[in-house]
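Novice: Take 45 as the starting number for the sequence shown in our numbering and just add one per residue. Every residue, glycine too, gets a C-beta built ideally from N, C-alpha and C.
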Amino acid sequence: MAIPPVSPEENNRITALKSYDILDSLPEEDYEDITRLASDICETPIALISLVDKDRQWFKSHRGLDLQETSLEHSFCVHNLISPQKPLVVEDARQDPRFVNNAFVTGYPNIVFYAGSPLVDPNGYVLGSLCVIDHQPKQLTEKQLSALKILAKQVIKLLELRKQNQALKESEERYRLENIALATSRKRFETVLKHAPIGLGLLRGDDHVFELVNDRIAEMAGRRVEDMQGKTLLDALPELSRQGLKEIFDSVRTTGQRFVAPEIPLQLQRNNQLETAYFYASFEPVQEPDGTVSIVDFSMEITEQLKAQRDLQESEARFRAIFEQAPMAIGQLKGRDLVIELGNKQLFEVWGKDPSIRGMRLIDALPEMQGQPFINILEGVFDSGKPFYGNGVLAQLFRNGRLEDLYFDFSYTPLRSAEGEVTGIMIMAVEVTEQVLSRRKLEKSEARFRGLIKEAPFAIGVYETNDLIISIANDAMLQFWGRTPEVIGQKLPEALPELEGQPFIPLLHEILRTGETYRATEEPADLLTNGRLQRYWFNYVYQPIFDNEGKVFAILNSAVNVTDKYLARQELQQSEQRYRDLAAELDQHVQERTQELLQTNQELQRSNENLQQFAYVASHDLQEPLRKIQTFSTLLSKRFAGQLDEQASNLLERINTAGYRMSSLVSDLLTYSRFATRQQSFDDVSLDAVLAGVLDALSLTIRERKARIQTNTLGSVKGDVVQLHQLFQNLVSNAIKFTPAEDQPLVRIQYDVIKRQELPPQSKLTGHLFHRISVTDQGVGFDEQYLDRIFMVFQRLHNKNEFPGTGIGLSICQQVVENHGGWITAKSQPEAGTTFLVYLPA
45 MAIPPVSPEE NNRITALKSY DILDSLPEED YEDITRLASD ICETPIALIS
95 LVDKDRQWFK SHRGLDLQET SLEHSFCVHN LISPQKPLVV EDARQDPRFV
145 NNAFVTGYPN IVFYAGSPLV DPNGYVLGSL CVIDHQPKQL TEKQLSALKI
195 LAKQVIKLLE LRKQNQALKE SEERYRLENI ALATSRKRFE TVLKHAPIGL
245 GLLRGDDHVF ELVNDRIAEM AGRRVEDMQG KTLLDALPEL SRQGLKEIFD
295 SVRTTGQRFV APEIPLQLQR NNQLETAYFY ASFEPVQEPD GTVSIVDFSM
345 EITEQLKAQR DLQESEARFR AIFEQAPMAI GQLKGRDLVI ELGNKQLFEV
395 WGKDPSIRGM RLIDALPEMQ GQPFINILEG VFDSGKPFYG NGVLAQLFRN
445 GRLEDLYFDF SYTPLRSAEG EVTGIMIMAV EVTEQVLSRR KLEKSEARFR
495 GLIKEAPFAI GVYETNDLII SIANDAMLQF WGRTPEVIGQ KLPEALPELE
545 GQPFIPLLHE ILRTGETYRA TEEPADLLTN GRLQRYWFNY VYQPIFDNEG
595 KVFAILNSAV NVTDKYLARQ ELQQSEQRYR DLAAELDQHV QERTQELLQT
645 NQELQRSNEN LQQFAYVASH DLQEPLRKIQ TFSTLLSKRF AGQLDEQASN
695 LLERINTAGY RMSSLVSDLL TYSRFATRQQ SFDDVSLDAV LAGVLDALSL
745 TIRERKARIQ TNTLGSVKGD VVQLHQLFQN LVSNAIKFTP AEDQPLVRIQ
795 YDVIKRQELP PQSKLTGHLF HRISVTDQGV GFDEQYLDRI FMVFQRLHNK
845 NEFPGTGIGL SICQQVVENH GGWITAKSQP EAGTTFLVYL PA
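1. Just tell me which of GLY468, SER482, PRO789 has its CA closest to the CA of GLY424.
2. Any idea what DSSP makes of ALA211, helix, strand or coil?
3. Consult DSSP for ALA196 and reduce its assignment to one of helix, strand or coil.
4. Is LEU758 closer than 9 angstroms to ILE793 when the C-beta atoms are compared?
5. Assign PHE838 to buried or exposed, taking buried as 16 or more other Cβ atoms, counted over all protein chains shown, within 10 Å of its Cβ.
6. Just to check my reading of the structure: TYR580 and LEU571 have Cβ atoms closer than 8 angstroms, yes? What is that Cβ distance to the nearest angstrom?
7. Going by Cα to Cα distance, which pick from PHE835, PRO162, LEU790 is closest to GLN822?
8. Would you report the Cα separation of ASP832 and SER855, rounded to the nearest angstrom?
9. Quick one, which of ASP110, LEU61, ALA240, ASN154 has its alpha-carbon nearest LEU163's?
10. Would you call THR59 buried or exposed, if buried means 16 or more other Cβ atoms sit within 10 Å of its Cβ?
11. Applying the criterion that 16 or more other CB atoms from any shown protein chain within 10 Å of the CB defines a buried residue, is ALA603 buried or exposed?
12. Should LEU174 and TYR64 be called a contact, given that it needs their Cβ atoms to be closer than 9 angstroms?
13. If we call anything under 9 angstroms between Cβ atoms a contact, is GLY243 one with ASN258?
14. Leaving out five residues on either side along the sequence, give the residues of the same chain with a beta carbon under 8 angstroms from the beta carbon of GLN534.
15. By the 10 Å Cβ neighbour count, where 16 or more other Cβ atoms means buried, how is THR878 classified, buried or exposed?
16. For GLY575, I'd like the list of residues in its chain whose CB is within less than 8 angstroms of its CB, leaving aside the five on either flank, ordered along the chain.
17. Following the continuous alpha helix (DSSP H) through GLN311, name the residue where it begins and the one where it ends.
18. Could you compute how far the alpha carbon of GLN101 sits from the alpha carbon of ARG220?
19. Name the DSSP beta bridge partners of GLU508, please?
20. Decide yes or no for the touch test of the stretch 76-96 against the stretch 177-194: beta carbon pairs closer than 8 angstroms, at least 3 of them.
21. Let me know if THR810 comes out buried or exposed under the rule of 16 or more other beta-carbons within 10 Å of its beta-carbon.
22. As a quick exercise: from ASP764, HIS252, LYS609, pick the residue whose alpha carbon is nearest that of ASP294.
23. Would you mind sorting PRO458 into buried or exposed? The rule is 16 or more other CB atoms within 10 Å of its CB.
24. Less than 9 angstroms between the C-beta atoms of LEU382 and ILE407, yes or no?
25. Quick one, which of LYS197, ASP511, GLY249, VAL144 has its alpha-carbon nearest PRO329's?
26. When DSSP labels each residue in this structure, what does PHE826 get in the three-state scheme?
27. ILE339: which of ARG260, LEU247, ALA305 sits nearest, CA to CA?
28. Using DSSP bridges, identify the partner residues of GLY468.
29. Rounded to the nearest angstrom, what separates SER127 and GLY160 at their Cα positions?
30. If you draw a straight line from the alpha carbon of GLN107 to that of THR150, how long is it in whole angstroms?
31. Taking Cβ to Cβ, would you say TYR451 is nearer than 9 angstroms to PRO431?
32. In whole angstroms, what is the alpha-carbon distance linking ILE798 and ARG527?
33. Please report the distance separating the alpha-carbon of ILE868 from that of GLY505.
34. Enumerate in chain order the residues of its own chain whose CB-to-CB distance from LEU195 is below 7 angstroms, with the five nearest sequence positions on each side excluded.
35. Indicate the three-state DSSP secondary structure (helix, strand or coil) for ALA733 in the structure shown.
36. Comparing C-alpha positions only, which one of TRP395, SER730, ARG362 sits nearest to SER760?
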């Protein structure tokens, strides 16, 4: 269904509807009666009071229809908005093109007949309609239509009455609230009048009768409120009769001009005596409704303030005298710009200036302050409002034609206004240059003395006064005592109670009395060590220390523990005879042992010869049959190629492979054995030359695997060139071999010289400098928990079918490195490559 176009006055119409505050209100009997009459008069089952909102129609009363509201697209009443002068009548909605497709026509509530009279407010806005509805075609008589219009007007009257009642309620509520506010205001005024911190009084008539008196004015007068309320000025306060106050009130009442006295003295009868008090008073004329003038008395006693002010003035005068005559430098800076406002003679002398710098900024008057901390500190005091104190602070000031280093104790104190705002800074300073320099010299001397004591190779202690207070004890002395530094400050007999019964404490007291030095050599002392008493022997000196008057005030104790020396001498004396007794026996034993060593040496020489013979046999006799096995198996494979079945071919291939592996094993064993028994004869060997030979020997393997070799310049070492060649060859070939076949090998060889402290902690090498050679690959790596296994003979971490080898190569590397007095280790992670590290003495 089409909705009629919105009128330009639609917003005003909605505002008019909202002003009645009727939408979504509860049902009311008056409206229900109107729909009942409309339904009865028009003889329809349904009658509605419909109010058209912005996007809905809402029913204030809905007789015969079980709906509270509908959307505008289903509304008949919305069409009344465009024609407020006459009712909308639809005899058969099924035939009307405006409503034929309306959901309320085709479905529930099945509207066929509709007649609606517009609800028009006094301003001409249509708020909705009073309508009747039937389920069959129908026509209304003129009387029925007229009755519908009358009832619609009654709806508007009810709405207007509602608005008026609501406005009346709002007015009554405002009146009620205003009365409450008025009563509250009156009560507040009475409270303020009664408890105001200044005196308030209202005086009326020629005799100035107190109509109102608050507690404060009565208290200032030395009276009670009831003693003054309703009485004339002079009846209430007769002592004022000759003080001119009544004449002042008369003038105010006659002229209508206010009178203000910042400081008026009055003599009042208070505390049973006549007292002179001072007041700030303001007498204000007030025009009464009958044309007469009353006076409002505002008074505040300032006796104490005046007294304080005068005391302040006297104090200020005293302060200025102190300020000018003070032995310290005092000044005052104004504002954050630090303008020099005040300064005494001492301040200008400290600065090396004269009083003409008053009114200048501090930084302008003392440009040498630039770069020193004082300006920043002063600004910080001004910004934070917190004082700053400095002790023995260095300041560089231009005095006597040159820049001088001076030291000061000073304070910067913020100055505040009555409101608590920081307005300036008070400076107080005392020059302490001589004291600081003297103190630093003394501290330096004392620090040097204490340092000497602390680092002394013998025990030192100082005991002060007759109580023998321990004032100094270095680490060596504390170690002798078996105590901690906590004993410093304690009495010696209390700190070391085990000294009781020994001669030391009485001896110290004797030295305090006589002032004579005491020296002792190898004197025994029993000291508590690890919970038990133990005897030690000491060489020690007790040296008295004298004050300026020549009196002993302390004793310096220096001691050396000679226990080990003493006991060693005792032991030596006891052992000398034993040594002499054993000498003959030892000589015989040495001769016998020498003979045994000669025999062992001969046996070792025979063993080495046998091992060399084995190496010869392994090199020639064992290799010969292996070569024949390899040759014959190769000939068989070639001659009978294609004639043998798969099993026979496989067996020949396995024989050939086993032969090669056996040959490699014998060769590696031979190398290992040769290096294990090789006599050491070392020369200068160039590692660059060794590596070049290795890379040439491995050139075929390097080309086949397309391996990349990266190296820096290698140094020269003392060693055996053959062994070092074997070491590099094994490490480089391993790096290539253990790189997966699908990856291009990358081998990095690095060399440098390191100090002993750079060795890994697990190394047991001795010396100062070492050659470090690292060989790094990007191969399969290994778990470092197997690090010890990889250097053992025949130990393998990978399957021989995956990575061929005898398991002797790294054992040979370890043997070569140990032959050269070095150490080899490795770092690795699975699938992350391996780095072998060789350390050789430099």
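Specialist: Short version:
1. Counting from 1 along the sequence shown, the entry for residue 424 is found at position 380. Per the Cα distances, GLY468.
2. Locating residue 211 in the sequence shown gives position 167, where the first residue counts as 1. Three-state DSSP puts ALA211 in a helix.
3. As a first step, residue 196 is located in the sequence shown; it is residue number 152 there, counting from the start. Three-state DSSP puts ALA196 in a helix.
4. Counted from its first residue, the sequence shown places residue 793 at position 749. Counted from its first residue, the sequence shown places residue 758 at position 714. One thing to note: ILE793 has its Cβ within 9 angstroms of the Cβ of LEU758.
5. Here residue 838 refers to the residue found at position 794 when the sequence shown is read from its first residue. At PHE838 the pLDDT is 49, less than 50, meaning the model places this residue with poor confidence; the figure from the coordinates comes in the next sentence. It is exposed - the Cβ of PHE838 has fewer than 16 other Cβ atoms within 10 Å.
6. As a first step, residue 580 must be located in the sequence shown, where it is residue number 536. As a first step, residue 571 must be located in the sequence shown, where it is residue number 527. About 6 angstroms separates the CB atoms of TYR580 and LEU571; that is less than 8 angstroms, so the two are in contact.
7. Walking along the sequence shown from the start, residue 822 turns up at place 778. For the residues PHE835, PRO162, LEU790, the minimum Cα distance to GLN822 belongs to LEU790.
8. Taking the first residue of the sequence shown as 1, we reach residue 832 at position 788. Taking the first residue of the sequence shown as 1, we reach residue 855 at position 811. Taking the straight line from one Cα to the other gives about 11 angstroms.
9. Translated into positions along the sequence shown, residue 163 becomes position 119. The option with the nearest alpha carbon to LEU163 is LEU61.
10. Within the sequence shown, the letter at position 15 stands for residue 59. Exposed.
11. One-based indexing of the sequence shown puts residue 603 at position 559. Buried, because 16 or more other Cβ atoms sit within 10 Å of the Cβ of ALA603.
12. Counting from one through the sequence shown, the residue named residue 174 turns up at place 130. Counting from one through the sequence shown, the residue named residue 64 turns up at place 20. In this structure, TYR64 does not lie closer than 9 angstroms to LEU174 by Cβ.
13. Locating residue 243 in the sequence shown gives position 199, where the first residue counts as 1. Locating residue 258 in the sequence shown gives position 214, where the first residue counts as 1. Yes, they are a contact pair.
14. Taking the first residue of the sequence shown as position 1, residue 534 is located at position 490. These residues qualify, in order along the chain: ILE513, ILE514.
15. For this step, residue 878 is matched to residue 834 along the sequence shown. A residue is called buried when at least 16 other Cβ atoms come within 10 angstroms of its Cβ; THR878 meets this threshold and is buried.
16. Taking the sequence shown and counting its residues from 1, one reaches residue 575 at position 531. Take GLY575, set aside five residues on each side of it, and no residue of its chain has a beta-carbon closer than 8 angstroms to its own.
17. Along the sequence shown, read from residue 1 onward, the residue named residue 311 stands at position 267. No alpha helix (DSSP H) contains GLN311, which is instead part of the beta strand (DSSP E) from 303-314.
18. Mapped onto the sequence shown, residue 101 falls at position 57. Mapped onto the sequence shown, residue 220 falls at position 176. Straight-line Cα distance between these residues: approximately 37 angstroms.
19. Along the sequence shown, one-based indexing puts residue 508 at 464. Bridge partners of GLU508 according to DSSP: ILE513, ALA598.
20. With a cut-off of 8 angstroms, the stretch 177-194 and the stretch 76-96 count as touching, because enough Cβ pairs lie within range.
21. Translated into the one-based positions of the sequence shown, residue 810 becomes position 766. Under this definition THR810 is an exposed residue.
22. For the purposes of this step, residue 294 is taken as residue 250 along the sequence shown, with counting starting at 1. Comparing Cα positions, the closest option is HIS252.
23. On the sequence shown, position 414 is the one that residue 458 refers to. Buried: at least 16 other Cβ atoms inside 10 Å.
24. By 1-based counting over the sequence shown, the position of residue 382 is 338. By 1-based counting over the sequence shown, the position of residue 407 is 363. With a cutoff of 9 angstroms on beta-carbon distance, LEU382 and ILE407 are scored as near each other.
25. Here residue 329 refers to the residue found at position 285 when the sequence shown is read from its first residue. Checked all of LYS197, ASP511, GLY249, VAL144; the closest Cα to PRO329 is GLY249.
26. The residue given as residue 826 occupies position 782 in the sequence shown. Secondary structure at PHE826: coil, using DSSP grouped into helix, strand and coil.
27. Your numbering for residue 339 matches position 295 in the sequence shown. Nearest C-alpha to ILE339: LEU247.
28. As a first step, residue 468 is located in the sequence shown; it is residue number 424 there, counting from the start. Per DSSP, LYS378, LEU459.
29. Position 83 of the sequence shown, counted from the first residue, corresponds to residue 127. Position 116 of the sequence shown, counted from the first residue, corresponds to residue 160. So the two alpha carbons sit approximately 11 angstroms from each other.
30. Working through the sequence shown from its first residue, we reach residue 107 at position 63. Working through the sequence shown from its first residue, we reach residue 150 at position 106. Sequence check: residue 107 is Arg here, not Gln. Spanning the two alpha carbons is a distance of roughly 21 angstroms.
31. Here residue 451 refers to the residue found at position 407 when the sequence shown is read from its first residue. Here residue 431 refers to the residue found at position 387 when the sequence shown is read from its first residue. Going by C-beta atoms, TYR451 is not nearer than 9 angstroms to PRO431.
32. Position 754 of the sequence shown, counted from the start, is the residue given in the question as residue 798. Position 483 of the sequence shown, counted from the start, is the residue given in the question as residue 527. So the two alpha carbons sit approximately 43 angstroms from each other.
33. The sequence position of residue 868 within the sequence shown is 824, counting from 1. The sequence position of residue 505 within the sequence shown is 461, counting from 1. Here the C-alpha atom of ILE868 lies approximately 53 angstroms from the C-alpha atom of GLY505.
34. Here residue 195 refers to the residue found at position 151 when the sequence shown is read from its first residue. Within the same chain, ILE78, LEU81, ALA82, LEU174 come within 7 angstroms of LEU195 by CB-CB distance, once the 5 residues on both sides are set aside.
35. Working through the sequence shown from its first residue, we reach residue 733 at position 689. Residue state, collapsed to three classes: helix.
36. Taking the sequence shown and counting its residues from 1, the one referred to as residue 760 is at position 716. For SER760, the closest C-alpha among the options TRP395, SER730, ARG362 is that of SER730.
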